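A short write-up of the structure that comes next.
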Amino acid sequence: MKMGTALIYDEEMTKYKLLWVDPACKIEVPERLTVSHEALVRTGLTDRCVSIPVREATDADILLVHSEEYLEAVKKTPYMTLEDLKEFTLQYGDVYFHPNIYHCAKLAAGAALQLVDSVMTGKVRNGMALVRPPGHHSMRSAANGFCVFNNVAIAARYAKQKYGLKRVLIVDWDIHHGQGVQFCFEDDPSVLCFSWHRYEHQKFWPQLRESEYDNVGKEKGAGFNINVPWNKVGMENSDYLSVFCHVLLPVAYEFCPDLVLVCAGFDSAIGDPEGEMCATPDIFAHLTHLLMNLAGGRLCAVLEGGYNLTSLPQSVCQTVQTLLGDPLPQPANLSAPCTSALESLHCVRSAHRPYWSCLKHAGRTSTELLLRFSCHRFQSYHICGLMTDRYTRIKTTANFLQDADDDSDALTALSSLISLTEKMNKNEVIGCLHLGCSDMSGFLQAVFGLLLPLGYEYDPDLVLLVRMPDSEVHDSVWQQLTALLQSFAQGHTLVLMQEDEKACVGPTASCLLGDPAPPLERLQAALPEDVEAMERLRHKLQAAWKLLQTTGERATAASHFSIYIIGHTESLKSPALD
Ligand code: X5A
Ligand code: ZN
């Protein structure tokens, strides 16, 4: 099993800065990198990572994405006078040059490539590169938005070329649209690009029509570019999680990537002067975790933006800590997604409906209800203090699994478990979700569309995961489920399995210990009756569980209104009517 987390950083990348007055660029300072690195050192995270040296990207590496003319032009910048640099800078948008930036840009791209190599050769499981300049705005022949070379785009092409990867997923959680990444791969179905971004109906930089949700990719790449525009500032944790549960995760699992690259910008965190969003740094632990079981755990995060020198280092620490496999923090104050976020979500899902079977709503009635679900409240057992660190987690898991193994009666195991947990504080309340589904795709769809949002909103103190003897859940899906459920209750998960499932005990335990779940095979479309049943249930539960919603109130109200005025107006093409 590949283990370990790579950390790539070199102080050299702090050695360039803005040399003249430019209000648009003054936030991109060397301290962004130093405070992030210092926070990792202070919290002991650097010591737990595998330190990998940077290297300079070669011309050939850079030419995977950029034009020769552009590379040659940038090569001249180290020799330019201040006046020449200023003038050179003027041809691009919101970016600055410095005599040392070409060197740093080669190191930043090279760092991303070193990270890909470390993960692909199995030296580590995953990793993060702390780099400057960022990359996701730079285009084939243009610097843009503080970016010189497109670090992540180069890394994706490099990974495909060097390791023969068929599919790469790029997740851009920076608050700006990674338009450089989009333009690079928009006709390429082998690279799935996801970006959410502050948009405000095209009022926010870079003010591109191409950042809209209806830019789904071109030609063969149609469906492989996902844009989630935020049309209001102040988005919160629940807005981000909602997009992950209802768009990114189902599509990403259906895509089945061989590698996940993250444009890890933290200007999407609270306090950032650019993003003006309200998500807290611990949300990045969850975003990271939710992506960590794709591609057999091969995840490379590369720093992009992040300009608040308090929330940036905190967010970086959350990301690295999660990559290392630590239990996740309880997601802070989850509320209902806001109306504007729900409107965006609805538009994105609709725009991608033709391309992804997980977004296709079944049109016919189910003959059989294949998905059973109940949600009731009952007394539970507070288990805090029992599993406070990795070591005790291991021990408890082992003991418990041993019990279940030795004792032929699963009930005995259950009662011993309960007596164990009864010793802990009581009187906390958890929910019980019973989920069954006939095929793998339908099951996973229910996990993303129902179970994860419910779990996040419910915020349990303990997750009790029971594998029913007749569940027919494929082992690999079971492992994914086990891994994903550790998003909740700070990883306090208890698993009950039966004697005849001995073979799956080891793999389950390894997921509980934070090892990546093995990659799934590419999913087929879910059975229409499963989708239908799930959708119906989701709609029924939406009033009580806001994270299940995928449509804004306004959108709903508007459709009712359209129905009401049938015959009087032209608005017969309302989505509610087809
Ligand atoms: C990487 C990044 C932001 C550029 C903002 C320009 N760039 N107004 O976050
Ligand atoms: Zn940004």
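Going by full-length UniProt numbering, 237 is the number at position 237 of the sequence shown; the sequence numbering is gapless.
We put the CB at the ideal spot given by N, CA and C, even for glycine.
If you're wondering where the values come from, they're calculated on a predicted model, not measured in any experiment.
Can you tell me the Cα-Cα spacing of residue i and residue j, whole angstroms?
i: F378; j: E31; result: Its pLDDT being 26, under 50, F378 is placed unreliably by the model, and the measurement read from it follows with that caveat. So the two alpha carbons sit approximately 50 Å from each other.
i: E212; j: V228; result: 7 Å
i: F194; j: M497; result: 37 Å
i: D530; j: A285; result: 31 Å
i: E11; j: R132; result: 10 Å
i: C256; j: T319; result: 22 Å
i: residue 580; j: V316; result: There is simply no residue 580 to check, as the chain begins at 1 and stops at 578 in what is shown.
i: L249; j: L290; result: 8 Å
i: H137; j: G265; result: 12 Å
i: R42; j: H176; result: 29 Å
i: L537; j: S141; result: 50 Å
i: V65; j: M139; result: 8 Å
i: C25; j: D174; result: 17 Å
i: N399; j: A509; result: For N399, the predicted structure reports a pLDDT of 42, less than 50, and the residue's modelled location is therefore unreliable. The matter cannot be settled from this model.
i: S216; j: W196; result: Going by the sequence as given, residue 216 is Val instead of Ser. Using only the alpha carbons, I get a separation of about 13 Å.
i: E501; j: A517; result: 18 Å
i: D22; j: F149; result: 21 Å
i: Y355; j: G44; result: 44 Å
i: N427; j: D461; result: At N427, the pLDDT of 34 sits below 50, so the modelled position is not reliable; the number obtained from the coordinates is stated separately. Their backbone Cα atoms lie some 11 Å apart in a straight line.
i: L345; j: T550; result: 6 Å
i: K540; j: Q480; result: 26 Å
i: G514; j: L7; result: 19 Å
i: H492; j: Q91; result: 54 Å
i: D407; j: G442; result: Summary for D407: the model assigns pLDDT 39, below 50, so the residue's position carries little reliability; its value from the coordinates is reported in the next sentence. Straight-line Cα distance between these residues: approximately 33 Å.
i: R554; j: L450; result: With a pLDDT of 41 at R554, under the threshold of 50, the modelled position of that residue is not reliable, and no figure is offered here.
i: R157; j: D326; result: 31 Å
i: A489; j: M440; result: 25 Å
i: D187; j: P78; result: 34 Å
Among the candidates the options, whose CA atom is the shortest distance from the CA of residue i?
i: C358; options: Y199, I283, G217, L523; result: L523
i: L520; options: A295, A526, E501; result: A295
i: Y253; options: E69, R167, T34, V124; result: R167
i: R48; options: N126, G110, D282, E532; result: N126
i: L342; options: V247, L513, L312; result: V247
i: L547; options: S441, V466, N333; result: N333
i: G305; options: S340, F448, G178, P327; result: G178
i: L464; options: V50, L512, Y79, D470; result: L512
i: L309; options: Y16, L18, L33; result: L33
i: A39; options: S268, L130, T339, L328; result: L130
List the residues that DSSP assigns as beta-bridge partners of residue i.
i: R209; result: In DSSP, R209 forms no bridge with anything.
i: C300; result: G127, L261
i: L520; result: In DSSP, L520 forms no bridge with anything.
i: residue 599; result: With the chain running from 1 to 578 in the structure shown, residue 599 is simply not present.
i: T5; result: N126
i: L45; result: DSSP, once it has assigned bridges, lists no residue as partnering L45.
i: C147; result: N144
i: G223; result: BP columns for G223 are empty, so no partner.
i: D172; result: S195, C263
i: M139; result: A142
i: V65; result: Bridge partners of V65: none, in fact.
i: I52; result: I8
i: W230; result: R198
Determine the burial state of residue i: buried for a count of at least 16 other Cβ atoms within 10 Å of its Cβ, exposed for fewer.
i: Y9; result: buried
i: D84; result: exposed
i: M13; result: buried
i: A404; result: In this predicted model, A404 has a pLDDT of only 42, less than 50, meaning its place in the structure is not dependable; the value taken from the coordinates is given anyway. Classification for A404: buried.
i: R198; result: buried
i: A105; result: buried
i: M468; result: exposed
i: P53; result: exposed
i: H352; result: buried
i: L82; result: exposed
i: K203; result: exposed
Is the beta carbon of residue i within less than 6 Å of some heavy atom of ligand 2?
i: D214; result: no
i: I270; result: no
i: I175; result: yes
i: G265; result: yes
i: G305; result: yes
Less than 6 Å between the CB of residue i and some heavy atom of ligand 1, yes or no?
i: D94; result: yes
i: F146; result: yes
i: A24; result: yes
i: W478; result: no
i: P134; result: yes
i: W205; result: yes
I want to see whether chain D comes within less than 7 Å of residue i, judged by CB atoms only; does it?
i: N308; result: Among the chains of the structure shown, chain D does not appear; only one protein chain is present.
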